[in-house]
Every structure is written in C-alpha cells, then in structure tokens.
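Enquirer: Before I ask anything, let me first share the structure, which is written out below as structure tokens.
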Amino acid sequence: MIDLKYFQANFDEVASKLSKKKVTTEALEALKIAFAKLKEANNAFENCKAEQNMLSKEFGEMMKNKQDTTELKAKVDGNKITLNELQEIAREANTRLEELALNIPNIPDNSVPFGIDENDNIELRKVLEIPKFDFKPKEHWELCNDWIDFERGVKLAKSRFSVLKGDGARVERALINYFLDHNRTKGFHEFGLPLLNNAAMLQGTGQLPKFEDDLFKIEDEGLYLIPTAEVPLTNLYHDEIIDAKELPLLMTAYTPCFRKEAGSAGRDTRGIIRQHQFDKVEMVAIAHPSQSEEIFEMMVDNASELLTLLGLPHRVVELCGGDLGFSAARTIDLEVWLPGQNQYREISSISNTNEFQARRAKIRYKEDGKNSFVHTLNGSALAVGRTLVAIMENYQNEDGSIDIPEVLKKYLN
RNA sequence: CGGGAGAUGGUAGAGCGGUUGAAUACACCGGUCUUGAAAACCGGCGAGGGUCAUACCUCCGGGGGUUCGAAUCCCCCUCUCCCGGCCA
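For the first sequence, numbering that gives the first Met the number 0 assigns the number 0 to the initial residue and increments by one for each residue that follows.
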C-alpha cells in the first residue's frame, strides 16, 4: 500500500514515478478523490458521533437525577438517524478507497531505469565464463530421463507437474540443504512454515486482491497455497511491533511453491522451468529503513555466491520500471546460463519493497517511543528446480551423463 | 467430527449496562539513591485516525443486533483450551 498522505501531498511526483509501472493518471485521480471523500465523510461522522456521545452523557445525568428525559430522548433519537446515515457514507467511502488503494502498485525507487519490459533491463555484470562444449549441449528435458519423469507427473496431477526420481530427487534435496546451510552462515534464521496461508497474509504481501487468479485456493477453508515462502516469512510479523534493537531480522526457509501460471499458456511448456509446483529456498529481511539498501546488496551477493560456488555462470540484471513486480520498489534478477537453451534464464529475483508490504501487513518497529513501518525485502536463494536444470545443462557430458558440482558432493556422500 | 469452557493492553488478570482506553501485578523505559549493581522510592508505559498543537473519533478476537448509552446483554463466525471419537 502506498502512503496515501504522501501521495495526496505529492500527487505529481508519485504519478510520474508510477508511470514507470504503467499506472495511469486516471487511476490515481480516482484514488485521490476517494481519499478526499473518505476524509470528508469521516469528519462528518465523527462530529455527529461526538454530539451523540455528549447527549448520552447528559441523558445519564438526568436519569440519575430522576429528571424528565422525554425532550432529550427525542433530540437524541433524531441525531441518531443522521448518525447512522453518516456512518454508512463513511463506510462506503472506506470500502471504495481500499478497493482502489490495494490495487495500486508500489512506487519504484528513483534509481529504477525507465523501460517497457525485460528487454529494457540493465545488465550490471556477468559472473563466471560461459562453458564451451565440443558437442551440441542438450536441453535438460533431452537429458537424463532417469532424473525427471514428466509423464507420470502429469498423470498424478495435470500438465506442469513432474516427478523427480533417483539422483534427480537426491540432487534436489542436496541443493536445498546446501542453500539453507549457506544462508545460515550469512545470519539467516531458518524456518519451517505452513504452506497454506489465509487471505489476510496474502493481502499483506501483495498477492491479494489483485492476483487471486494466480493462486491455488482451498475453497471451503479460505486458504491459499503459497506462491512463495515470502508470504509466510514476511507475515510472521504481521500486525506486530518490533523493537528497533532487534532489526534486521534475517530469515530463510525452504518450501514448495504453487502457482497457477494463468496467462503463461504456451510458455516453457517443456521441461521443469515453469511448473505449478516447484521448490524454492527464500530469504526475507525485515529491516530498519536505514539498513535496507545495504541488506538488499547483501542478499544479491549471497544469491550470486550460491551460483558461483556451484560453478554456474550467471549475470546480474537490474529490472526496469515496466518489468518490476507489483510490490517491488526495486528488483535485481539473477539469470543463470543454460547452455541447452543458449540463453540466460531467471533463477533468482531479489526485491526491496520498502514500506509497501509493511503498510499492508502492519509491520512496524518501535524506536524512541515512536512506531514506524519497517522495510521488507525478499529474494530467492535459490529456485531449486531451475538450479537443477542449470546443473544438468552446464555439467552435462557428451554421453548424456551429468557431473556433480563440488559443493554438493558432501551432501551426496 | 461430537460435548464443555473461554477469547480484555508485552504477560498475568479485574471489570458483567453509564463519563473505563480500561483496576491491579509483573515485565519494560526514565529518574533518585549507590563506587557499580540489586533492593527501595518517584515518574512513564497499547494501537490507529484527526489537529500546527489541543479538542475530538475508533479499537476490549471478527461481524451484526438491543439501548439515549455496551468490554459488559443477544445472535452469527473465527480461534484457543479441556473431554470423547478418528488419525499421521
């Protein structure tokens, strides 16, 4: 949620920044009007309510003194009718405002480059040389049929589900352990989390109400399968006030993630790049605003280091405004080299949402007796399935066998 | 899934229709005292909105109702605890 008071006072500035995210001025005008209306409606209601409270007290006094209250009763009853009307107006104004405000994305940082889509993203650096093959490298689905069983995954569920078996499953598990162990050395505390979260939590991190179609929902429970561990990790502190001395809170968790992938029909239909269910190890930081920049860089470096230690070539990319997600003020993606596809593919996305999620999820810190919103950050470290793909493609041999990266060997005996 | 009890500030725990945002205790923060600490004493100590600041408004799990007036009465929902069934 954007800061409405700031928005109101700095309309042009916010509108200009949000244009990077393709938010129209009309949408913002509507928000501005709704906000003004709410204030007006609240004002009217509160004044009337104050009057009512006063009359009520008076009534109590008269009762105590056994005075005649008929006249006052008539007055109070009359006021009550207007009071109820004003309350209804205020409620509607509030509903309307929320409807609009919850659908406005976060304001991009000043440093975010202008751009329409991923083609306008800016490559910051490349890490590790792209490997040379003296044969034509295969894509991961052409490789190693004994690691992934696509057909049976579809049989068990539907398309975009798959089964890992044997060494595939073991390498997957090794990766999870490697990621978590490594994150721990950077100060991240590990969590095991519910994979079903309620609507309030998903609204807190920004998936709801706008992106309901992307989520798997358990209808009769009002619960959603998490699309990322960012949701439960960040919301661990939902509606809490944290002592500033405790910040930053660094958290990590392995979870499966579930996404409907509505709207990506036809994209990445082969292989396990884009599945309805995939494993991910996530980092989340809850930070004091003064720390968030530094922590953001640390998280990017950490994810990059995970890839480097695996010997996987990758590049670091700053997202342009048009490619930024709903909640993000700034995002850096890590893209890993896939020799079979002959291109870089996203394997991690690290975002700073500043106060955006904190406002929605009411996560505050207390410092010198004052409460303020924290900054929340999140990033993959790393997407496990895609790392598996990267290993398969980068470590493949001509005979189709796959070598194991050095750092994983201790996890595989 | 069936039966019972309950949901109040960081925690414990009063309040059961009237000026109570809420006693009390503990925790916590500041001060006095002390070489320092502890103890003792004094003071502060929920959140949101509103205002230059006050006024003022909202919140006692959530929603609705009764009433001039509700933390207090009624209804629904959610959650927690205890008993029974089922089960990893």
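Don't be surprised by glycine CBs; every beta carbon is placed ideally from N, CA and C.
What number of angstroms, rounded off, separates the C-alpha of Gly205 from the C-alpha of Glu91?
Expert: Cα-Cα distance, rounded: 23 angstroms.
Enquirer: Using DSSP's beta-bridge definition, name the partner residues of Thr254.
Expert: Lys279
Enquirer: With DSSP collapsed to three states, give me the class of Glu417.
Expert: Look at the range of the chain in this structure, 0 to 412, and you will see that residue 417 is not part of it.
Enquirer: Does DSSP classify Ile35 as helix, strand or coil?
Expert: Per the sequence shown, residue 35 should be read as Ala rather than Ile. Three-state DSSP puts Ala35 in a helix.
Enquirer: Given a cut-off of 8 angstroms, decide if Arg359 and Gln202 are closer than it, judged by their beta-carbon atoms.
Expert: With respect to Arg359, Gln202 sits close: the two C-beta atoms are nearer than 8 angstroms.
Enquirer: Buried or exposed for Gln395, going by 16 or more other Cβ atoms inside 10 Å?
Expert: buried
Enquirer: In angstroms, rounded to a whole number, what distance separates the CA positions of Lys409 and Leu30?
Expert: 56 angstroms
Enquirer: Excluding the five sequence neighbours on either side, which residues of its own chain have a C-beta within less than 7 angstroms of the C-beta of Glu128, listed in chain order?
Expert: Pro312
Enquirer: Going by other Cβ atoms of all chains shown within 10 Å of its Cβ, with 16 needed for buried, is Ser379 buried or exposed?
Expert: Residue burial is scored here from C-beta neighbours: Ser379 has at least 16 other C-beta atoms within 10 angstroms and is therefore classed as buried.
Enquirer: How is Leu333 classed by DSSP in three states: helix, strand or coil?
Expert: strand
Enquirer: Assess contact between the segment 273-289 and the segment 370-379, defined as three or more Cβ pairs (one per stretch) separated by less than 8 angstroms. Is contact present?
Expert: Per the Cβ contact rule, the segment 273-289 is in contact with the segment 370-379 (3 or more Cβ pairs under 8 angstroms).
Enquirer: Report buried or exposed for Phe257, applying the criterion of at least 16 other Cβ atoms within 10 angstroms of its Cβ.
Expert: buried
Enquirer: How would you label Leu248, buried or exposed, when you count the other beta carbons within 10 angstroms and need 16 or more for buried?
Expert: buried
Enquirer: Which residues mark the beginning and the end of the beta strand (DSSP E) in which Asn370 is found?
Expert: Lys369 to Phe372
Enquirer: With which residues is Gly165 paired in a DSSP beta bridge?
Expert: For Gly165, which the question treats as bridged, DSSP gives no partner whatsoever.
Enquirer: With a CB to CB cut of under 6 angstroms and the five nearest residues on each side skipped, what residues in its chain are close to Ile103?
Expert: Within the same chain, Ile103 has close Cβ partners Ile1.
Enquirer: Using 8 angstroms as the Cβ pair cut-off and three pairs as the minimum, do the segment 333-342 and the segment 386-394 touch?
Expert: Segments in contact, yes.
Enquirer: Of all the beta strand (DSSP E) runs that stay within the bounds of the segment 115-199, which reach a length of 3 or more residues?
Expert: 121-126, 188-190 and 195-197
Enquirer: Grab me the residues of Leu207's own chain with a C-beta within less than 7 angstroms of its C-beta, minus the 5 sequence neighbours each way, in chain order.
Expert: Ala198 and Leu201
Enquirer: From Phe325 to Glu60, what distance separates their C-alpha atoms?
Expert: 55 angstroms
Enquirer: For Gln7, I'd like the list of residues in its chain whose CB is within less than 7 angstroms of its CB, leaving aside the five on either flank, ordered along the chain.
Expert: Lys31 and Phe34
Enquirer: Whole angstroms is fine: what's the gap from Asn351's alpha carbon to Ser291's?
Expert: 8 angstroms
Enquirer: Three or more C-beta pairs under 8 angstroms: does that hold for the segment 297-314 against the segment 397-409?
Expert: yes
Enquirer: Which stretch, first to last residue, makes up the alpha helix (DSSP H) that contains Ser350?
Expert: That residue, Ser350, is in no alpha helix (DSSP H); its beta strand (DSSP E) goes Gln342 to Asn351.
Enquirer: What first and last residue would you give for the alpha helix (DSSP H) that runs through Arg358?
Expert: Phe355 to Ala360
Enquirer: To the nearest angstrom, how far is it from the Cα of Asn234 to the Cα of Leu192?
Expert: 11 angstroms
Enquirer: Between Glu296, His287, Glu138 and Val162, which has its C-alpha nearest Gly393's C-alpha?
Expert: Note that residue 393 corresponds to Asn in the displayed sequence, not to Gly. It is Glu138 whose Cα lies nearest to the Cα of Asn393.
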